[in-house]
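Okay, so here's the structure we're looking at.
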Amino acid sequence: MQKFAIGSSYLFNQGTEPAFLGGLELQLRRAVAGQGKVSVDFLSSPNDGAIPECFDIFVQEALRGVQEASEKLGVKLEDFEIHLSRFAYHDVDSAPNIYRQTAEYALKSAFDAWNASPLPKTQ
513 MQKFAIGSSY LFNQGTEPAF LGGLELQLRR AVAGQGKVSV DFLSSPNDGA IPECFDIFVQ
573 EALRGVQEAS EKLGVKLEDF EIHLSRFAYH DVDSAPNIYR QTAEYALKSA FDAWNASPLP
633 KTQ
């Protein structure tokens, strides 16, 4: 089985103003021969598969967040396959900047898991 790591980040604030909601899951795998790519699973999009008109903007911001996080981490994106899915969305409280931020956090979380030492086996 090929090594992979999953990171996710969701931000919610619906109790006080300003309200916001958004987030996503990110799966990370080593790319074959440095031919990495970033893909998005629209089947796991918000609203049970109904893709809102603004979703493209959210995806673009998420991709920007992945790029920015990879630069901060010193990681070459072409060395990995990255898959974005499980977007959380609210038609009033979601905004593009939330997806940029959660994508950054999710990539960092996935790389933390990728680089973690295995836990010792217990008996």
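Quick note on my numbering: the sequence shown kicks off at 513 and runs consecutively. Ideal Cβ positions, reconstructed from N, Cα and C, are used throughout, including at glycine.
- Nearest Cα to Ala574 within the set Phe516, Phe599, Arg542: Phe599.
- A straight line joining the alpha-carbon of Pro564 with that of Phe532 spans about 17 Å.
- For Ser606, the closest C-alpha among the options Met513, Val571, Val544, Arg541 is that of Val571.
- Beta-carbon to beta-carbon, Phe516 and Gln539 are separated by about 6 Å, close enough to satisfy the 8 Å threshold.
- The shortest C-alpha to C-alpha distance from Asp553 to any of Tyr611, Gly535, His595 is the one to His595.
- The way I'd put it, the segment 514 to 529 does touch the segment 608 to 625; three or more beta-carbon pairs between them come closer than 8 Å.
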